[in-house]
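> Handing you a structure now.
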Amino acid sequence: MKKYILISIIPFFFSCSDDSKKIDVDTTMDVGVDARHDGSTDLGSPQTDMAVMPKGDVGSDLVPNEEDMGTNETSIFESGPHNIGYRSWNFEYDTKGNDTRTLRLSVWYPTSDTEGTSGRYFGLVNRPEIFANATILDGTFPVVVFSHGNSGVGEQSYFFTEFLTSHGFVVVAPDHTGNTFQDDSAGLAEVAAFRPQDVSAVIDEIQNLPTDDPLFGKLTDKIAMSGHSFGGYTTLAASGATFNVEGFVTACESNQPPAGDLCAFFESGGADLFDAGFLDPRIKAAIPLAPVGADFFGMGVSSIRIPTLMITAGQDRTLPNEREGDPLWEQFTAPATRVDILKAGHFSFSNICQIAGANPNVQNDGCGSDFIPVNEAFVIINAYSVAFLKKNLLGETRYDDFLSASGEFANDIILSEK
Numbered sequence: 044m045k046k047y048i049l050i051s052i053i054p055f056f057f058s059c060s061d062d063s064k065k066i067d068v069d070t071t072m073d074v075g076v077d078a079r080h081d082g083s084t085d086l087g088s089p090q091t092d093m094a095v096m097p098k099g100d101v102g103s104d105l106v107p108n109e110e111d112m113g114t115n116e117t118s119i120f121e122s123g124p125h126n127i128g129y130r131s132w133n134f135e136y137d138t139k140g141n142d143t144r145t146l147r148l149s150v151w152y153p154t155s156d157t158e159g160t161s162g163r164y165f166g167l168v169n170r171p172e173i174f175a176n177a178t179i180l181d182g183t184f185p186v187v188v189f190s191h192g193n194s195g196v197g198e199q200s201y202f203f204t205e206f207l208t209s210h211g212f213v214v215v216a217p218d219h220t221g222n223t224f225q226d227d228s229a230g231l232a233e234v235a236a237f238r239p240q241d242v243s244a245v246i247d248e249i250q251n252l253p254t255d256d257p258l259f260g261k262l263t264d265k266i267a268m269s270g271h272s273f274g275g276y277t278t279l280a281a282s283g284a285t286f287n288v289e290g291f292v293t294a295c296e297s298n299q300p301p302a303g304d305l306c307a308f309f310e311s312g313g314a315d316l317f318d319a320g321f322l323d324p325r326i327k328a329a330i331p332l333a334p335v336g337a338d339f340f341g342m343g344v345s346s347i348r349i350p351t352l353m354i355t356a357g358q359d360r361t362l363p364n365e366r367e368g369d370p371l372w373e374q375f376t377a378p379a380t381r382v383d384i385l386k387a388g389h390f391s392f393s394n395i396c397q398i399a400g401a402n403p404n405v406q407n408d409g410c411g412s413d414f415i416p417v418n419e420a421f422v423i424i425n426a427y428s429v430a431f432l433k434k435n436l437l438g439e440t441r442y443d444d445f446l447s448a449s450g451e452f453a454n455d456i457i458l459s460e461k
């Protein structure tokens, strides 16, 4: 194994600094949010510009002409034909270290229901037209597992999870216990070790549902993985990236140990866990969003063998491209595509701009006037992601040209391929 001396590990992934790991949410702030008497907020329906672009009136000069792509079905630039059901539940599993973890799992799925109780995310955000415990549509559906950012929550990027569901995917998103905005008690090494195991546990959970569960028999084995920031690390790890274990050990033995509790974790046997890696071969395609991991993996991203779409932010101030996106991209082997959104920031990949947009931390990394409007970033992220998933999970070829060219997004992105 080659040696890569680790000088430091980035101690923050979703938040802007170690001192601001939690972003205060003030439901009375003037960010276009309707504060409700019960403390929840109403951020609009999936057909509003807060989540996904509306059907029939995209209202953006960013959108290419789909006729030029030879497509005549539902546009990848608009929400899909399906309404959206939502439910959540808790489950337990045993980790490789025989610890028992309890995870909360959020699930979005296609439904034909047109009315019902509004979905409610992380006890705060009500989503009209997202129907809680709705009936699932007839048929079977591919699955996307989504991993949230550091100190985030499974529903943090609902613009993305809702959009995928409207196009016929079932999306499952765990809260990574010990690393959420409600509970960030876990240390860095513990979080890094448990997160990819959580992903495999989620896949186990949905593949072994009881026969009386409404989702039983509805999910195919076509599974993709996505995640934002630390969730991007989780995506890479579960997709087969190997770890810079020797570099960690060398750094722990030097006068410049890595950050956090990694050295103590390694000394207690954790090195063997990382050395074995966390590949889950059931994952067939990956979409890391503004991922962290250059120090974690060394050159290990080159071990990933599944199709990967990495989307990064050209103005990311939390995880700058020169420190994360560029060195990670250099490691990829084919087949891989990178979309770098030139004026996006780190929070352009979540709905935090709608929830806490007045917070200076998020203003300065994706939500302020220096950045592409988040709704335009959402269009780019959603369109490339749906096209990529339809190609690599469902075998559709009609988006091949779109996935190989920036088209009318040319002024907004740089597209690279391997």
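Residue numbers in the sequence shown follow my numbering, run continuously in steps of one, and reach 461 at the last position.
Ideal Cβ positions, reconstructed from N, Cα and C, are used throughout, including at glycine.
1. With a 10 Å radius around its C-beta and 16 neighbouring C-beta atoms as the bar for buried, classify Pro324 as buried or exposed.
2. Between the C-alpha atoms of Phe392 and Lys139, what's the straight-line distance to the nearest angstrom?
3. Are the CB atoms of Phe273 and Val344 within a distance shorter than 8 Å?
4. Out of curiosity, what's the CA-to-CA distance linking Leu458 and Trp132?
5. Below 8 Å, how does it come out for the segment 281-294 and the segment 209-226: are there three or more Cβ pairs, yes or no?
6. Quick one: residues in its chain with C-beta nearer than 7 Å to the C-beta of Val405, no 5 flanking neighbours on either side, listed in chain order?
7. Would you mind stating whether Ala379 and Lys461 have Cβ atoms separated by less than 8 Å?
8. When burial is assigned at 16 or more other CB atoms within 10 Å of the CB, is Ser190 buried or exposed?
9. Determine the burial state of Ser297: buried for a count of at least 16 other Cβ atoms within 10 Å of its Cβ, exposed for fewer.
10. Assign Gly211 to one of two classes, buried (16 or more other C-beta atoms within 10 Å of its C-beta) or exposed (fewer than that).
11. Classify Pro124: buried if its beta carbon has 16 or more other beta carbons within 10 angstroms, exposed otherwise.
12. DSSP on Gly195, reduced to helix/strand/coil?
13. Could you give the residue range of the alpha helix (DSSP H) that holds Gly368?
14. Pick helix, strand or coil for Asn404, following the three-state DSSP scheme.
15. Please name the residue, chosen from Thr117, Gly182, Asp156, Gly275, that lies closest to Asn126 on a Cα-to-Cα basis.
16. Three Cβ pairs or more, each shorter than 8 Å: is that satisfied between the segment 302-316 and the segment 266-281?
17. How many angstroms separate the CA atom of Ala453 from the CA atom of Gln240?
18. Would you mind listing the beta strand (DSSP E) stretches within the segment 197-231 that are 3+ residues and don't spill past its ends, in chain order?
19. Specify the secondary structure class of Ile415 as computed by DSSP and reduced to three states.
20. Buried or exposed for Ala377, going by 16 or more other Cβ atoms inside 10 Å?
According to the structure shown:
1. exposed
2. 31 Å
3. no
4. 38 Å
5. no
6. Ile66, Phe390, Ile395, Cys396, Ala399
7. yes
8. buried
9. exposed
10. buried
11. exposed
12. strand
13. 368-374
14. helix
15. Asp156
16. no
17. 38 Å
18. 213-218
19. coil
20. exposed
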